[in-house]
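Here the structure comes first, spelled out in structure tokens, and everything after it is commentary.
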Amino acid sequence: MEHEIIGHTKKAIKVMKSHDKPFKEKTKEIIIEILIIVFAVSFAALIERTREHYKEKAEAKEFLIGLKGDLRDEINMLQQSKKDMDSTRSNYTMVMKLKGSDVDSLENTHIKRSFNIASFNTRIVNGRYDGFKSSGKIQTIENDSLRNDILEFYQQDLPTLDFTENAFNDNQKRLTDLLINNSDVMGDKPVDIIRLLASYRGKLILQFAIGYSKSVASNYDQCLEQAKKIKAEIESEYQ
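Shown next, in the form of structure tokens:
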């Protein structure tokens with residue numbers, strides 16, 4: 013294509029310099045050569061744009077198919093985290109219902125053994141998304157709805173989840189401090205964990221924990237809903 017453009021350019025110049033033809037005929041030939049050159053340049057540009065477009069579509073497809081696999085793993089992680097959070101909230105709610113007389117009369121050995129001060133850190137590994145977005149290729153996803161859902165998931169839903177998990181974990185540290193600061197051992201008998209948790213201070217911390225846990229659980233639901241939606245959109249796009 014470049015060789016032909018050069019050839020027609022030389023021909024147009026040659027016609028301009030020629031003294032063998034009338035001015036009107038030379039003008040006509042020059043215009044024809046210019047039109048040929050313009051068409052050739054436009055056609056070459058069209059081919060290049062088409063080639064680039066197909067390349068971008070192929071890259072977007074590769075990214076989305078890979079992302080679908082990532083989302084499958086992320087959905088499993090989020091579901092497990094939500095299950096663990098629900099279990100933690102259930103344990104805390106049970107302790108909140110205990111009164112002083114209950115602590116004195118109930119055998120709490122089983123509760124002591126199963127009680128766990130958990131922390132939550134559902135760090136989603138989104139290297140594929142970060143790399144694709146940082147390379148400026150996110151706009152190559154032609155489906156506007158799918159592209160916007162992906163951006164919302166990684167730039168809004170997951171950061172919000174991370175924030176609420178951190179708030180919950182900060183409150184968990186108060187619970188840990190309560191137990192550590194009262195961990196004196198009298199002979200062979202350690203401090204009664206349930207009695208500490210059922211104390212006024214313990215229940216106050218647990219009350220905050222339950223509130224934070226509900227917020228985190230709500231964000232798990234939001235992330236799960238969005239992740240499943242994106243996964244379904246990708247499957248619909250590339251059946």
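Numbering follows our numbering, in which position 61 of the sequence shown is assigned residue number 73; successive positions increment by one, without gaps.
Ideal Cβ placement from N, Cα and C applies to all residues, glycine included.
In the same chain as D161, and ignoring 5 residues on each side of it, the C-beta atoms closer than 7 Å to its own belong to Q238, K241, I242 and E245, in chain order. Spatial neighbours of S225 in its own chain (CB-CB distance under 7 Å, excluding positions within 5 residues in sequence) are listed in chain order as M97, T100, R101 and F180.
Contact between I222 and Y104 is confirmed by a C-beta separation of about 5 Å, below the 8 Å threshold. Three or more pairs of CB atoms, one per stretch, sit closer than 8 Å, so the segment 229–238 contacts the segment 166–185. From the listed residues R159, F165 and D189, the smallest Cα separation to E86 is found for F165.
Taking every protein chain shown into account, the CB of F132 has 16 or more other CB atoms within 10 angstroms, so this residue is buried.
DSSP, reduced to helix, strand and coil, places K149 outside both helices and strands of the structure shown, so it counts as coil. Boundaries of the alpha helix (DSSP H) around T176: L170 to N193.
For Q238, the enclosing alpha helix (DSSP H) has its first and last residue at Y212 to E249. Between the alpha carbons of K94 and L83 lies a gap of roughly 16 Å. CA-CA distance, K69 to T152, rounds to 7 Å. A distance below 6 Å between beta-carbons, with the five flanking residues on each side excluded, links A130 to the following residues of its chain, in chain order: T100.
Our two residues, A210 and M108, have alpha carbons roughly 6 Å apart in a direct line. Using a Cβ distance threshold of 9 Å, K145 and E71 do not count as a contacting pair.
Distance check between L216 and each of R186, E154 and V137 places R186 closest, using alpha-carbon atoms only. In the structure shown, K67 falls within a helical segment according to DSSP collapsed to helix, strand and coil. Assigned with DSSP and collapsed to three states, S131 falls in coil, not helix or strand. Considering only F75, A229, L90 and N183, the residue with the shortest C-alpha distance to R213 is N183.
Y141 sits close to L79, with the two beta carbons spaced by under 9 Å.
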